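Just so we're aligned, residue 2 is where the sequence shown starts under my numbering, counting upward by one. Just so you know, even glycine gets a beta-carbon here, dropped at the ideal spot from N, CA and C. Quick caveat: nothing in here was measured; it's all calculated off a predicted structure. Right, one structure below, let's go through it.
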Amino acid sequence: QGTPIGRSGLPVANARIENLQPAHTTLSAQRRQLDLLQELNEDFLRRKQVNAELEGVIQSYELAFRMQGALPEVLDLSRETRSTLQRYGILDDRSTSAGGGGKKAKNKSARSADFGRQCLMARRLLEAGVRFVEVCHEGWDQHNSLRERLAANAAATDRPIAALLQDLKDRDMLKDTLVIWGGEFGRTPGTRNGNGRDHNAKGFTMWMAGGGVRGGYRCGATDENGYVAVDNKVHHHDLHATILYLLGLDHRTLTYRYGGRDYRLTGVGEARVVEDIVA
């Protein structure tokens with residue numbers, strides 16, 4: 002289960018982890034309370050000899066306290082240089098031009114600062130040892146106003162994601178970090194009103210970087226209209242199997258029989274590792 006930082010609609014600059022800091026005590030006082038609790042738990046554990054549940058509770062308390070003490074510093078972007086903040090687009094908190102006529106995009110996604118903060122936080126979390134980080138950018142459901150809104154979204158995400166990839170590479174972390182960019186479905190070449198794009202389950206594009214992925218390689222293709230996948234098609238079960246493989250896991254290892262079907266991490270259908278994209 003993940004730990005959300007902030008919530009939808011709240012600027013990342015104001016985002017916090019709910020209930021991270023105790024409301025009516027200090028960290029030092031909480032440390033003393035936790036030490037007493039751990040002492041009682043360990044005494045009980047010695048008398049019981051083996052109690053996996055209690056051992057898990059002890060480890061969970063310690064992990065939670067370490068997170069409380071470490072995360073505020075990890076999420077403090079004031080420790081970064083001005084040039085770093087600039088590269089991530091955090092200092093550029095103005096609307097950018099999107100579309101013709103020099104008009105300013107009114108869509109909040111035109112600003113790169115919010116997504117830039119997410120990407121920079123992601124890098125700092127990865128440096129601190131967090132194993133899975135998700136950043137989000139909303140506002141891509143463009144059934145209308147495609148020209149303006151797509152340009153605004155591109156302007157908001159281009160610099161931050163480029164800065165994140167470059168930072169990971171410069172820190173020799175990219176080779177051990179799998180970066181996945183995608184969403185839940187593709188888009189049609191056009192729409193009924195001619196001013197946007199509708200949902201499309203027949204063709205979809207994602208990109209991956211680092212983490213054992215073959216760089217600069219395109220896998221598969223859609224038809225001439227960008228509507229239907231026609232070449233080297235990849236099912237989402239295959240995508241999951243490939244991600245697990247790049248993380249060092251075989252999706253077939255954990256297989257259990259239930260209701261007459263074999264269940265795996267990739268579901269009940271067939272899944273393959275897309276070896277073409279593996280470096």
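Looking at the secondary structure, which residues open and close the beta strand (DSSP E) in which A14 lies? Taking the sequence shown and counting its residues from 1, one reaches residue 14 at position 13. A14 -> no beta strand (DSSP E), and no H or E assigned at all.
According to DSSP, which residues form a beta bridge with T223? One-based indexing of the sequence shown puts residue 223 at position 222. DSSP, once it has assigned bridges, lists A230 as partnering T223.
If you pair each beta-carbon of the segment 176-186 with each one of the segment 202-216, do three or more pairs fall below 8 angstroms? When C-beta atoms of the segment 176-186 are compared with those of the segment 202-216, three or more pairs fall below 8 angstroms, so the two segments count as touching.
Return the CA-CA distance between T4 and R219, expressed in angstroms with no decimal places. Residue mapping note: residue 4 aligns to position 3 of the sequence shown, counting from 1. Residue mapping note: residue 219 aligns to position 218 of the sequence shown, counting from 1. Cα to Cα, the separation comes out at about 33 angstroms.
What three-state label does DSSP hand Y257 in the structure shown? Numbered from 1 along the sequence shown, position 256 holds the residue referred to as residue 257. The answer is strand: DSSP assigns Y257 an E or B state.
Can you give the Cα-Cα distance for R160 and L121, rounded to whole angstroms? Within the sequence shown, the letter at position 159 stands for residue 160. Within the sequence shown, the letter at position 120 stands for residue 121. Approximately 11 angstroms, taken between the alpha carbons.
Determine the burial state of Q50: buried for a count of at least 16 other Cβ atoms within 10 Å of its Cβ, exposed for fewer. The residue labelled residue 50 in the question sits at position 49 within the sequence shown. The C-beta of Q50 has fewer than 16 other C-beta atoms within 10 Å across all chains shown, which makes the residue exposed.
Between V75 and L151, which are expected to be in contact by the criterion C-beta below 8 angstroms, what is the C-beta distance as a whole number of angstroms? The residue you call residue 75 lines up with position 74 of the sequence shown. The residue you call residue 151 lines up with position 150 of the sequence shown. Actually they do not touch by this definition, with Cβ atoms about 33 angstroms apart.
Does DSSP classify Y264 as helix, strand or coil? Position 263 of the sequence shown holds residue 264. Of the three classes helix, strand and coil, the one that applies to Y264 here is strand, per DSSP.
If you count every other CB in all the chains shown that lies within 10 Å of the CB of E149, and 16 or more means buried, which is it? Numbered from its first residue, the sequence shown carries residue 149 at position 148. Counting of Cβ neighbours within 10 angstroms places E149 among the buried residues, the total reaching 16 or more.
Using a Cβ-Cβ cutoff of less than 7 angstroms, which residues in the same chain neighbour G268 once the five nearest sequence positions on both sides are dropped? Along the sequence shown, read from residue 1 onward, the residue named residue 268 stands at position 267. Cβ-Cβ distances below 7 angstroms link G268 to H238 in the same chain, with the five nearest sequence neighbours on each side left out; the list follows chain order.
Regarding F133 and the ligand ADP, is the C-beta to nearest heavy atom distance less than 7 angstroms? Ligands in the displayed structure: none, and consequently the ligand ADP is not present.
Kindly identify the DSSP beta-bridge partner or partners of M174. Indexing the sequence shown from 1 puts residue 174 at position 173. M174 pairs with nothing; no bridge assigned.
Considering only residues of the same chain and omitting the five flanking positions on each side of G102, which have a CB-CB separation below 8 angstroms? Within the sequence shown, the letter at position 101 stands for residue 102. Note that G102 has pLDDT 37, beneath the 50 cutoff, so the model's placement of it is unreliable and the number below is only indicative. Excluding its 5 nearest sequence neighbours in each direction, G102 has no C-beta neighbour in its own chain below 8 angstroms.
Close-in-space but distant-in-sequence residues of the same chain around V274 (CB under 7 angstroms, 5 per side omitted): The residue labelled residue 274 in the question sits at position 273 within the sequence shown. Close CB contacts of V274 within its chain, under the 7 angstroms cut and outside five residues either way in sequence, are with A242, T243 and Y246 (chain order).
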